[in-house]
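I have placed the structure first, in the form of structure tokens, so that the comments after it can refer back to it.
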Amino acid sequence: MDFPKEPQGEAGAVSPAGTDGARQLREVIRAENVRKTFTLSRKQRKIEKNPSGRKVALDGLSFTAYEGEIYGLLGPNGAGKTTMLRILSTLIRADEGDAFVAGRSVRREPDKVRAAIGFLTSELKLEDFFTPAYLFGFFGRLHGMDEGALARRREELFARFGIDRFAEVKVGDLSTGMKQKVSIAVSIIHDPPVIIFDEPTNGLDVLTARVVTDFLLEEKARGKSIVLSTHIFSLVEKLCDRVGVIIAGRMAAEGTLAEVSGGRPLEDAFFDLYKRTVAGE
Ligand SMILES: Nc1ncnc2c1ncn2[C@@H]1O[C@H](COP(=O)(O)OP(=O)(O)O)[C@@H](O)[C@H]1O
Ligand SMILES: [Mg+2]
Numbered sequence: 072m073d074f075p076k077e078p079q080g081e082a083g084a085v086s087p088a089g090t091d092g093a094r095q096l097r098e099v100i101r102a103e104n105v106r107k108t109f110t111l112s113r114k115q116r117k118i119e120k121n122p123s124g125r126k127v128a129l130d131g132l133s134f135t136a137y138e139g140e141i142y143g144l145l146g147p148n149g150a151g152k153t154t155m156l157r158i159l160s161t162l163i164r165a166d167e168g169d170a171f172v173a174g175r176s177v178r179r180e181p182d183k184v185r186a187a188i189g190f191l192t193s194e195l196k197l198e199d200f201f202t203p204a205y206l207f208g209f210f211g212r213l214h215g216m217d218e219g220a221l222a223r224r225r226e227e228l229f230a231r232f233g234i235d236r237f238a239e240v241k242v243g244d245l246s247t248g249m250k251q252k253v254s255i256a257v258s259i260i261h262d263p264p265v266i267i268f269d270e271p272t273n274g275l276d277v278l279t280a281r282v283v284t285d286f287l288l289e290e291k292a293r294g295k296s297i298v299l300s301t302h303i304f305s306l307v308e309k310l311c312d313r314v315g316v317i318i319a320g321r322m323a324a325e326g327t328l329a330e331v332s333g334g335r336p337l338e339d340a341f342f343d344l345y346k347r348t349v350a351g352e
């Protein structure tokens, strides 16, 4: 991967001492004290019973993900997961703090960050009117791919996800599962080194969810670095090397899966943390 030569701040590029034995991990994503407050609309104020009109979504969130690993941001609804991933993907800006992808600042080098990541979120809907073939061409050219590379990538990904038969079917006529597979294929069309998926299995049937989890494990085996968000404990246990537990916009615990769960089911460890965090407020 294309890492810049300059030092990456005090955290450096190497993993915490000793936690991975001889394996030296390079950091690929780092969020540093990220803060984000939203101003609520009048309607949102009522729904959220929040007369102040301000909602702190991220309250100084920091975390580090390492190259070649799957990192899971785990937390309940409203914890701030999507907000953090949108900041990492340069879709929105943090109020304070910064985040780095492969050493590039989302504030100062958003173009470099965008080239390095494939981002998937349920908020980004594919336009119903277009076909997978059309969307693939459109987004491939947007990434500056030449026609030969685009054709090869299309063949590979359409075969991988069984999109071939539906290449000329409008997105609006596809099943939810096939839509998700098309969304994934489009999001990684440029074969980025870093994959950022927001709740990648939400709303999917078990078969499609399995395709997604298999795909993420395959990409990891190919050396990709992955950050995903989820509220599903079993997904973290199945996929993630490292986990950050996010509660109310703050990191409640972070470490390897074993460190965070302490040898217990992750769900039990989470609820202990949750009780402590909420009681401590
Ligand atoms: N655009 C927005 N305007 C107002 N509030 C928002 C906006 N986006 C997120 N929020 C609020 O910020 C908090 C965190 O949201 P989000 O990052 O979507 O959490 P998660 O993905 O963990 O469920 C929630 O209270 C949510 O309602
Ligand atoms: Mg979310």
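Numbering-wise (the numbering used here), the sequence shown opens with residue 72 and increments by one. Here a beta-carbon is modelled for each residue, glycine too, at the ideal position from N, C-alpha and C. Predicted model, so just to flag it, every value in this text is computed and none were measured.
Asked	Found
For F237, three-class secondary structure by DSSP	helix
As assigned by DSSP and simplified to three states, the class of D295	As written in the sequence, residue 295 is Lys, which differs from the Asp given in the question. Looking at K295 - three-state DSSP - the assignment turns out to be coil, as it is neither helix nor strand.
Status (buried if at least 16 other CB within 10 Å, exposed otherwise) for E77	Any answer about E77 is weak, because its pLDDT of 41 lies below 50 and its placement is not dependable; what the coordinates show is given next. E77 should be labelled exposed.
Candidates L159, T202, G146, of which the one nearest E103 by Cα	L159
Residue burial classification, T301 (beta-carbon count within 10 angstroms, cutoff 16)	buried
Coarse secondary structure for G41, derived from DSSP in three states	What is shown of the chain runs 72 to 352, which leaves residue 41 out entirely.
Whole-angstrom C-beta distance between V349 and L145, which should lie under 8 Å	So it is not a contact: roughly 16 Å between Cβ atoms.
contact_flag[the stretch 151-170, the stretch 305-323] where n(CB pairs < 8 Å) is 3 or more	yes
Completely contained beta strand (DSSP E) runs for the stretch 179-215, where each covers 3 or more residues	188-191
In chain order, each beta strand (DSSP E) run of at least 3 residues that lies wholly inside the stretch 110-192	125-137, 141-145, 167-172, 188-191
Straight-line Cα distance separating E180 from G211	21 Å
The stretch 211-225 touching the stretch 276-285, judged by at least three CB pairs closer than 8 Å	no
Distance between R106 and E167 (C-alpha atoms, nearest Å)	5 Å
Cβ-based burial, P147 [other Cβ within 10 Å; buried from 16]	exposed
Same chain, Cβ closer than 7 Å to P263, neighbours up to 5 away in sequence not counted	A187, I188, G189
Continuous alpha helix (DSSP H) stretch holding R347: start and end	337-350
Spatially closest choice to V99 from V298, G333, L306, by CA coordinates	V298
Integer Cβ distance of I266 from K295, believed to fall under 8 Å	6 Å
Between the CA atoms of R231 and T110 - distance to the nearest angstrom	42 Å
DSSP beta-bridge partners of T247	T247 is not bridged to any residue.
Environment of E270 [buried if 16+ CB atoms lie within 10 Å]	buried
Heavy atom of ligand 2 within 8 Å of S254 beta-carbon	no
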